[in-house]
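Heads up, the sequence shown is in full-length UniProt numbering, so the first residue is 1 and it goes up one at a time.
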Amino acid sequence: MVASTLVCSASSAALGLLAGLLLRKRPSRDQKALKQLLKGNYGLLSPEEKRMASTLVAAGQQHLFQHWPAPGVKDAKKRALLSRLAAEFSHTASRIETSRTDVLQAPKVIKRPYTVIGANGEKREDPYYWLRDDERENPEVIEHLKAEAHYVKEVLADTEKLQEELYKELRGRIQEADQTVPLREEGFYYYIQTIEGLQYSVHKRRRVPPTAGPPTERDRMDESEEEQVLLDENREAEKHEFYMTGALAVSPDSEMLAWAEDTSGDEMFTLHIKDIASGRSLLAKPIQDASGSVVWSKDNESIFYVTKDDLDRPHKVWKHTLGSDPEEDVLVFHEADDSFYIGLGESRSKEYLCISSGSAITSELRTLEASNPSGEWKVVLPRKTDVEYEVVHRGDHLFILLRDPERPNSELLVAPVSDPTKTTVLLRHRKDVKLDDLEATKDFLAVFYRFNGLQGATVYKLGPGAPAELAGGEDIKFEEPAYSMGAGAQGDFDSPMLRLRYSSLSTPSSTIDYNMPTGQRETKKVQAVLGGFSSSNYRTERLWATAPDGVRVPISLVYRKGAAKLDGTDPLLLDAYGAYEVSNDPGFSRNELSLIDRGFVYAIAHVRGGGEMGRQWYEDGKYLKKRNTFTDVVASAEHLIAEKYTSKSMLCIQGRSAGGLTMGASLNLRPDLYKAAILGVPFVDVLTTMLDDTIPLTTTEWEEWGCPKDKEFYEYMKGYSPVDNIQRAAYPNILVTAGLNDPRVGYWEPAKFVAKLREYKTDSNMLLFKCEMGAGHFSQSGRFDRLKEVAMEMAFLLKCVGMQ
Numbered sequence: 001m002v003a004s005t006l007v008c009s010a011s012s013a014a015l016g017l018l019a020g021l022l023l024r025k026r027p028s029r030d031q032k033a034l035k036q037l038l039k040g041n042y043g044l045l046s047p048e049e050k051r052m053a054s055t056l057v058a059a060g061q062q063h064l065f066q067h068w069p070a071p072g073v074k075d076a077k078k079r080a081l082l083s084r085l086a087a088e089f090s091h092t093a094s095r096i097e098t099s100r101t102d103v104l105q106a107p108k109v110i111k112r113p114y115t116v117i118g119a120n121g122e123k124r125e126d127p128y129y130w131l132r133d134d135e136r137e138n139p140e141v142i143e144h145l146k147a148e149a150h151y152v153k154e155v156l157a158d159t160e161k162l163q164e165e166l167y168k169e170l171r172g173r174i175q176e177a178d179q180t181v182p183l184r185e186e187g188f189y190y191y192i193q194t195i196e197g198l199q200y201s202v203h204k205r206r207r208v209p210p211t212a213g214p215p216t217e218r219d220r221m222d223e224s225e226e227e228q229v230l231l232d233e234n235r236e237a238e239k240h241e242f243y244m245t246g247a248l249a250v251s252p253d254s255e256m257l258a259w260a261e262d263t264s265g266d267e268m269f270t271l272h273i274k275d276i277a278s279g280r281s282l283l284a285k286p287i288q289d290a291s292g293s294v295v296w297s298k299d300n301e302s303i304f305y306v307t308k309d310d311l312d313r314p315h316k317v318w319k320h321t322l323g324s325d326p327e328e329d330v331l332v333f334h335e336a337d338d339s340f341y342i343g344l345g346e347s348r349s350k351e352y353l354c355i356s357s358g359s360a361i362t363s364e365l366r367t368l369e370a371s372n373p374s375g376e377w378k379v380v381l382p383r384k385t386d387v388e389y390e391v392v393h394r395g396d397h398l399f400i401l402l403r404d405p406e407r408p409n410s411e412l413l414v415a416p417v418s419d420p421t422k423t424t425v426l427l428r429h430r431k432d433v434k435l436d437d438l439e440a441t442k443d444f445l446a447v448f449y450r451f452n453g454l455q456g457a458t459v460y461k462l463g464p465g466a467p468a469e470l471a472g473g474e475d476i477k478f479e480e481p482a483y484s485m486g487a488g489a490q491g492d493f494d495s496p497m498l499r500l501r502y503s504s505l506s507t508p509s510s511t512i513d514y515n516m517p518t519g520q521r522e523t524k525k526v527q528a529v530l531g532g533f534s535s536s537n538y539r540t541e542r543l544w545a546t547a548p549d550g551v552r553v554p555i556s557l558v559y560r561k562g563a564a565k566l567d568g569t570d571p572l573l574l575d576a577y578g579a580y581e582v583s584n585d586p587g588f589s590r591n592e593l594s595l596i597d598r599g600f601v602y603a604i605a606h607v608r609g610g611g612e613m614g615r616q617w618y619e620d621g622k623y624l625k626k627r628n629t630f631t632d633v634v635a636s637a638e639h640l641i642a643e644k645y646t647s648k649s650m651l652c653i654q655g656r657s658a659g660g661l662t663m664g665a666s667l668n669l670r671p672d673l674y675k676a677a678i679l680g681v682p683f684v685d686v687l688t689t690m691l692d693d694t695i696p697l698t699t700t701e702w703e704e705w706g707c708p709k710d711k712e713f714y715e716y717m718k719g720y721s722p723v724d725n726i727q728r729a730a731y732p733n734i735l736v737t738a739g740l741n742d743p744r745v746g747y748w749e750p751a752k753f754v755a756k757l758r759e760y761k762t763d764s765n766m767l768l769f770k771c772e773m774g775a776g777h778f779s780q781s782g783r784f785d786r787l788k789e790v791a792m793e794m795a796f797l798l799k800c801v802g803m804q
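#1: Tell me which residues share the same chain as Arg615 and place their Cβ nearer than 8 Å to its Cβ, disregarding the 5 neighbours each side in the sequence.
#2: If you scan the segment 39 to 123 from start to end, which runs of the beta strand (DSSP E) of 3 or more residues do you find wholly inside it?
#3: Which residues mark the beginning and the end of the alpha helix (DSSP H) in which Phe451 is found?
#4: Leu505 and Met485 - do their beta-carbons sit closer together than 8 Å?
#5: Note down, in chain order, each residue of its chain lying with its Cβ closer than 6 Å to the Cβ of Ser357, except the 5 sequence neighbours on either side.
#6: Under the rule that 16 or more other beta-carbon atoms within 10 Å means buried, what is Val73, buried or exposed?
#7: To the nearest angstrom, how far is the alpha carbon of Ile117 from that of Lys648?
#8: Could you tell me which of Phe753, Gly43, His393 and Ile476 sits nearest to Ser418, measuring between CA atoms?
#9: Check for me: the beta strand (DSSP E) holding Cys354 runs from which residue to which?
#10: Starting from Cys771 and walking both ways along the beta strand (DSSP E), at which residues does that stretch end?
#11: Using only alpha-carbon positions, find the residue among Glu137, Lys752, His429 and Glu186 that is nearest to Asp494.
#12: Can you tell me the Cα-Cα spacing of Ser535 and Val553, whole angstroms?
#13: Would you kindly work out how many angstroms separate the C-alpha atoms of Asp289 and Phe269, rounded to a whole number?
#14: Would you mind working out which of Lys626, Val634, Asp620 and Tyr623 sits nearest Ile604, comparing C-alpha positions?
#15: Just to confirm, is the Cβ distance from Gly562 to Ser509 under 8 Å?
#16: Just reading off the alpha helix (DSSP H) that Val306 is part of, what are its end residues?
#17: Could you pull out every residue in the same chain whose Cβ sits closer than 6 Å to the Cβ of Pro27, ignoring the five residues on either side in sequence?
#18: Would you mind giving the Cβ-Cβ distance between Arg783 and Gln61, rounded to the nearest angstrom? I have them listed as a contact below 8 Å.
#19: Here's the rule I'm using: 16 or more other beta-carbon atoms within 10 Å means buried, otherwise exposed. How should Ala791 be labelled?
#20: When the cut-off is 8 Å and only beta carbons count, does Arg615 lie next to chain C?
#21: Please determine, among Leu667, Ile596 and Cys652, the residue with the shortest C-alpha to C-alpha distance to Phe630.
#22: What are the boundary residues of the beta strand (DSSP E) that includes Gln163?
#23: Which of helix, strand or coil does DSSP assign to Leu787?
#24: Thinking just about the alpha-carbon of each residue, which of Leu498, Glu176 and Ile276 is nearest to the one in Arg206?
#25: Measure the Cβ-Cβ separation of Ser583 and Gly610 and say whether it is below 8 Å.
#26: Leaving out five residues before and five after Lys644 in sequence, what residues of the same chain have Cβ atoms less than 7 Å from its Cβ?
#27: Between the Cα of Ser349 and those of Leu81, Pro252 and Asn725, spot the shortest distance and give me the residue it belongs to.
#28: Put Glu328 into one of helix, strand or coil per three-state DSSP.
#29: By DSSP, does Glu592 sit in helix, in strand, or in coil?
#30: My output table needs one value for Val686: the three-state DSSP class, helix, strand or coil.
#31: For Ile726, count neighbouring C-beta atoms within 10 Å of its own C-beta (all shown protein chains included) and say buried if the count is 16 or more, exposed if not.
#32: If we ignore side chains and look at the alpha-carbon of each, how far apart do Leu145 and Lys675 end up?
#33: When you compare each of Arg786, Gln66 and Met766 to Tyr151 by their alpha carbons, which one comes out closest?
#34: Hey, out of Asp685, Glu703, Tyr720 and Tyr623, whose CA is closest to Arg670's CA?
#35: Pull up the distance between the alpha-carbon of Lys625 and that of Ala119, whole angstroms please.
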């Protein structure tokens with residue numbers, strides 16, 4: 001019976017689908033009818049098949065599912081029928097939807113003559129340049145952005161219920177009332193809470209009882225101690241569409257709080273100071289146009305903060321004395337080199353405050369004794385082009401992690417505080433191991449490193465003085481084939497504990513306290529994932545693709561066992577970044593489960609330009625080698641297809657910011673290779689932006705991409721800049737997002753990219769552009785608002801691969 005139904009039902013199923021799409025009965029009623037019809041066989045169906053079958057039943061096609069034998073009998077034939085129906089369902093739905101969207105009118109952009117002239121007289125026509133409005137007030141531009149957003153809503157109208165379903169699903173995995181692992185520091189346990197139904201965090205603390213012993217991995221906060229609220233972001237955010245905090249700094253006497261907040265998404269912060277007990281403001285007026293950095297001196301009267309210039313560059317450090325007018329604040333440092341940014345910090349020992357100055361390839365550090373706020377800021381090592389270092393203080397010496405052209409993977413040095421130039425090598429440079437980070441305490445030093453693309457750490461016991469060498473050491477190991485691991489927030493300097501954060505593509509984020517004297521570790525918290533999640537249902541793998549020049553490119557991936565068929569028919573989402581030596585490590589994402597549980601494979605290509613494989617990996621993906629980043633993506637995609645993880649018709653890609661450039665350039669190289677792409681706040685107008693030093697970040701970015709005033713760099717960048725290389729060709733379905741107030745990637749870059757692509761592309765695939773009008777580079781600030789964007793993006797992908 002099942003076999004004969006399979007032969008005769010295809011055409012009726014297609015007609016039934018059309019009727020079902022028109023009838024649109026309530027899904028719950030349809031599902032109930034189907035469940036009664038199939039009885040025990042209902043469990044054989046995937047969520048997508050249940051939706052399909054419910055639609056057919058609603059359209060009067062219930063005969064397709066009547067009289068099925070019990071589970072275990074002819075299950076293969078049942079699966080064959082479901083597969084055939086799914087194919088007919090998808091094909092018919094796709095044809096109907098294509099016809100519907102063909103009727104819709106995409107926003108048209110007027111072309112206005114504009115010539116971009118390079119430093120050497122080179123000319124390029126940019127008829128969409130007028131979309132740039134630095135003030136974000138041009139009514140014509142604003143109306144165009146709104147029209148694009150409306151068009152997105154029109155095109156994705158058939159996914160509205162799916163978006164609602166996805167949003168509920170995404171939010172349903174969150175333990176809304178949650179708390180971080182308390183951090184023991186300066187006599188308090190500090191922690192952050194989220195409250196059910198509220199968007200933002202609440203920062204709190206409790207005292208450490210005077211009878212408490214030294215911290216161990218078994219340390220627990222005493223909840224009988226009175227709880228103090230330091231900052232309730234929900235209350236602060238009430239009057240703002242966007243809200244994000246920068247630094248939160250408690251004074252050394254633990255009585256005052258300084259914090260920075262951004263209320264527009266443009267990363268221009270306002271600085272506040274208050275008395276914690278009373279909530280009374282300690283500033284005559286808030287300090288405006290600051291960066292997110294702020295530190296206290298030990299006198300509890302002086303704070304230091306950073307302000308920005310007109311191009312959004314943090315460039316000046318000021319000292320404010322409590323009780324004085326902020327207009328009288330003292331300038332203590334000005335970074336005159338416009339390719340350098342500055343930041344503020346303090347040593348874990350609390351003995352020094354630090355000003356860091358850095359460009360893309362060079363750094364310099366100044367320190368001040370925290371007990372002497374009017375003292376001299378001293379340079380640790382004078383800046384030298386293409387030399388970067390970081391410093392950790394301990395007693396009378398400094399640990400210095402230094403990178404230069406001769407030691408690209410860094411070397412660990414030690415030097416006296418009195419003369420940091422007198423260095424001794426503790427860990428020599430190694431070609432295959434990159435030293436990444438340091439954490440020092442009174443008695444231990446933890447060194448974090450990378451080997452073969454994976455992270456590791458070694459803990460060394462220290463004597464009372466500066467070590468002459470480092471030997472032995474205890475390795476901290478993890479067993480998964482691909483993971484993300486690093487140092488978390490640390491506590492008091494004399495604590496024997498090292499806090500680690502760990503996750504993988506299938507293991508939720510874990511907070512681990514490691515007892516350095518004993519080597520014992522305890523997992524203090526595993527990120528809650530509601531909705532029946534179990535890591536055992538997922539499999540992670542590590543693959544290697546081969547780039548055109550023979551270099552092996554690592555790929556991390558995850559899929560759900562039983563949901564992914566691994567026969568070349570699965571949808572796959574490939575993510576990549578590949579810039580700034582940023583390591584796109586394979587960490588856990590609750591959100592991606594909504595795709596993975598539906599049968600997607602999720603993969604990350606660790607392409608050149610990132611830092612996963614050491615400094616040379618980064619060097620081989622920048623300047624005049626930038627094309628390696630894009631060909632690595634193509635090679636990774638082709639490898640995943642060849643190994644039957646997916647196919648061209650099911651392969652989707654995504655990238656944000658510089659990752660948006662990576663994917664935009666990859667689309668131009670091989671528009672035929674992908675089914676869909678999501679480009680988030682993408683840096684796609686590389687050449688025009690790098691020619692304009694009135695745009696924030698440009699001068700610093702020359703050390704990442706090259707300066708197009710140099711003819712060689714101009715021609716090279718022109719050859720890959722996504723907006724300059726759009727072809728008259730068929731492109732896949734593409735969704736592009738932006739933030740109106742984004743100071744890092746101007747909204748006009750993706751707007752111009754979409755306008756030109758609409759003009760050039762020869763297909764009828766979706767091309768959508770959504771600009772968030774109240775957000776910046778990091779999208780919406782509320783944790784639930786952001787999920788609505790994620791749901792929209794996922795619905796777009798599911799629609800593209802016929803799974804909506």
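Just so it is clear, CB atoms sit at the ideal spot from N, CA and C, and this is done for glycine as well.
Taking the coordinates as given:
#1: Once the five neighbours on either side are set aside, the close Cβ partners of Arg615 are Arg403, Pro408, Asn409, Ser410, Lys434 and Glu581.
#2: 115 to 117
#3: Taken as a continuous stretch (DSSP letters only), Phe451 belongs to no alpha helix (DSSP H), being part of the beta strand (DSSP E) at Phe444 to Phe451.
#4: no
#5: Glu335, Phe340, Ile342 and Glu364
#6: exposed
#7: Each residue's alpha carbon lies about 39 Å from the other.
#8: Checking every option, the nearest Cα to that of Ser418 belongs to His393.
#9: Tyr352 to Gly358
#10: For Cys771, the enclosing beta strand (DSSP E) starts and ends at Leu767 to Glu772.
#11: Glu186
#12: 26 Å
#13: 6 Å
#14: Among Lys626, Val634, Asp620 and Tyr623, the Cα nearest to that of Ile604 belongs to Val634.
#15: no
#16: Here Val306 belongs to no alpha helix (DSSP H); instead the beta strand (DSSP E) covers Ser302 to Lys308.
#17: Low confidence applies to Pro27: its pLDDT is 47, below 50, so where it sits in the model is not reliable enough to give any reading.
#18: Actually they do not touch by this definition, with Cβ atoms about 42 Å apart.
#19: buried
#20: Of the protein chains in this structure there is only one, and it is not chain C.
#21: The residue with the shortest Cα to Cα distance from Phe630 is Leu667.
#22: Where Gln163 is concerned, there is no enclosing beta strand (DSSP E), although the alpha helix (DSSP H) it sits in stretches over Glu160 to Gly172.
#23: Note: Leu787 maps to helix in three-state DSSP.
#24: Ile276
#25: With contacts defined as CB atoms closer than 8 Å, Ser583 and Gly610 qualify as a contacting pair.
#26: Here the set comprises Leu566, Asp567 and Gly568.
#27: Pro252
#28: Judged by DSSP in its simplified three-state form, Glu328 adopts helix.
#29: coil
#30: Reduced to three states, the DSSP call for Val686 is helix.
#31: buried
#32: 25 Å
#33: Met766
#34: Tyr720
#35: Whole-angstrom Cα-Cα distance: 22 Å.
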